[in-house]
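In what follows, a structure is listed as structure tokens, so that the remarks can point back to it.
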Amino acid sequence: MVRPHSDPRGRAPVPVTPSKESSLTLERGLALLQAVADAETDAPSISELAAAIGASRAAVYRLLVPLQSRGLVRREGSKVRLGLGVLRLAANVLPQLRQAAQPALRELADQVGATAHLTVADGSEAQAVAVVEPSWTAFHVAYRVGSRHPVHRGAAGKAIGLPVDVRQWVQSTGELQPGAYGVASPVRGVPGLRASVGVVALERLDGESIGPQVVRAAQDVAAALK
72 MVRPHSDPRG RAPVPVTPSK ESSLTLERGL ALLQAVADAE TDAPSISELA AAIGASRAAV
132 YRLLVPLQSR GLVRREGSKV RLGLGVLRLA ANVLPQLRQA AQPALRELAD QVGATAHLTV
192 ADGSEAQAVA VVEPSWTAFH VAYRVGSRHP VHRGAAGKAI GLPVDVRQWV QSTGELQPGA
252 YGVASPVRGV PGLRASVGVV ALERLDGESI GPQVVRAAQD VAAALK
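My numbering puts the first residue of the sequence shown at 72, with every later residue one more than the last.
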């Protein structure tokens, strides 16, 4: 069955197929979830959410039903907050990031002969979420997954916030550990992800030759995550 869809500008109704209607419902449901998340600490009201996604209060109530049933949101009277179901989804993100980044990190580590890593921003900190050590070197840096440091320090952290109009990689020396050298490049083009790919070694790295290799690895990781 084809249902008419009224045009908000007053033009003649436009036929909407069931598949199109389902797509619009899904899009609005995702927009609603995003609006709840964007509110951060101050839980939005039903009216505020309706205004945010351009829908009626009745439509918001309907959209909340499946989100609540999956624990993605919870109601507190007229207020709406994110639910614990979001945490369950988030817990699966890092393993998927590691799996997607593994091939590019392995190639980079063996090309450069240094420990390669994928680092993501978590607030004001940078966290290593995937680490690959080179397979052929006698000595290399043992970099632990989960290691954290200020996002403004070290090549990995600085690369995350690197402006697009400057060079594509950054280099650091001894900022996180005395005698350690790092080169990193931002992972760009993945919505919602602030991350970098880099290498770290205990001997000086030639940024001019290694930088482009790190940039390519970061691009490969971005492509794998799209």
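Where is the CB? At the ideal position from N, CA and C, for every residue including glycine. No experiment lies behind these values; they were computed from the predicted model shown.
Would you kindly work out how many angstroms separate the C-alpha atoms of A272 and S256, rounded to a whole number? Translated into the one-based positions of the sequence shown, residue 272 becomes position 201. Translated into the one-based positions of the sequence shown, residue 256 becomes position 185. Straight-line Cα distance between these residues: approximately 16 Å.
Quick check: G263 and V222, are their CB atoms within less than 9 Å of each other? By 1-based counting over the sequence shown, the position of residue 263 is 192. By 1-based counting over the sequence shown, the position of residue 222 is 151. No, the Cβ-Cβ distance between G263 and V222 is not below 9 Å.
For the segment 169 to 233, list the alpha helix (DSSP H) runs that are entirely contained and at least 4 residues long, ordered along the chain. Runs of the alpha helix (DSSP H) inside the segment 169 to 233: 225 to 231.
Top-ranked residue by Cα proximity to A230, from S206, A251 and V270: The sequence position of residue 230 within the sequence shown is 159, counting from 1. Here the closest residue by C-alpha is V270.
Can you round the beta-carbon distance between G100 and L134 to whole angstroms, since I take them to be within the 8 Å contact cut? As a first step, residue 100 must be located in the sequence shown, where it is residue number 29. As a first step, residue 134 must be located in the sequence shown, where it is residue number 63. About 5 Å; that satisfies the 8 Å criterion.
Do A199 and A227 have their C-beta atoms closer together than 9 Å? Translated into the one-based positions of the sequence shown, residue 199 becomes position 128. Translated into the one-based positions of the sequence shown, residue 227 becomes position 156. Cβ distance < 9 Å, so A199 and A227 count as in contact.
Backbone CA spacing between G217 and P166 [nearest angstrom]: Position 146 of the sequence shown, counted from the first residue, corresponds to residue 217. Position 95 of the sequence shown, counted from the first residue, corresponds to residue 166. Rounded to whole angstroms, G217 to P166 spans 12 Å at the Cα level.
Only counting the same chain, and skipping five residues up and downstream in sequence, which positions put a Cβ closer than 7 Å to that of R259? On the sequence shown, position 188 is the one that residue 259 refers to. Excluding residues within five positions, the ones whose Cβ falls inside 7 Å are A293.
Based on DSSP bridge pairs, tell me the residues matched to V131. As a working note, residue 131 is residue 60 in the sequence shown. By DSSP's assignment, V131 forms no beta bridge with any residue.
For Q284, which residues in the same chain have their Cβ closer than 7 Å to its Cβ, ignoring the five residues on either side in sequence? Your numbering for residue 284 matches position 213 in the sequence shown. A distance below 7 Å between beta-carbons, with the five flanking residues on each side excluded, links Q284 to the following residues of its chain, in chain order: L179, Q182 and V183.
Shortest alpha-carbon distance to Q290 belongs to which of G148, R128, V203 and A175? Position 219 of the sequence shown, counted from the first residue, corresponds to residue 290. Q290 has its Cα closest to that of A175, out of G148, R128, V203 and A175.
Flag this pair as yes or no: are the beta carbons of T62 and V268 separated by less than 9 Å? Here the chain covers residues 72 to 297 and nothing more, so residue 62 does not appear.
So for A102, helix, strand or coil by DSSP? On the sequence shown, residue 102 is found 31 positions in, with the first residue counted as 1. A102: helix per DSSP, three-state reduction.
Please report how far the alpha carbon of A162 lies from the alpha carbon of D277, in whole angstroms. Locating residue 162 in the sequence shown gives position 91, where the first residue counts as 1. Locating residue 277 in the sequence shown gives position 206, where the first residue counts as 1. About 37 Å.
For R265, I'd like the list of residues in its chain whose CB is within less than 6 Å of its CB, leaving aside the five on either flank, ordered along the chain. What you label residue 265 is simply residue 194 of the sequence shown in a count that begins at 1. Once the five neighbours on either side are set aside, the close Cβ partners of R265 are A192 and I231.
List the residues that DSSP assigns as beta-bridge partners of G253. One-based indexing of the sequence shown puts residue 253 at position 182. Partner(s): S243 and V271.
Name the DSSP beta bridge partners of K297, please? The residue given as residue 297 occupies position 226 in the sequence shown. BP columns for K297 are empty, so no partner.
Quick one, which of V144, G250 and G253 has its alpha-carbon nearest L155's? Translated into the one-based positions of the sequence shown, residue 155 becomes position 84. Closest by C-alpha distance to L155, out of V144, G250 and G253, is V144.
Count the other CB atoms, across all protein chains shown, that sit within 10 Å of the CB of G245; report buried if there are 16 or more and exposed otherwise. Within the sequence shown, numbered from 1, the residue matching residue 245 stands at position 174. Per the 10 Å Cβ criterion, exposed.
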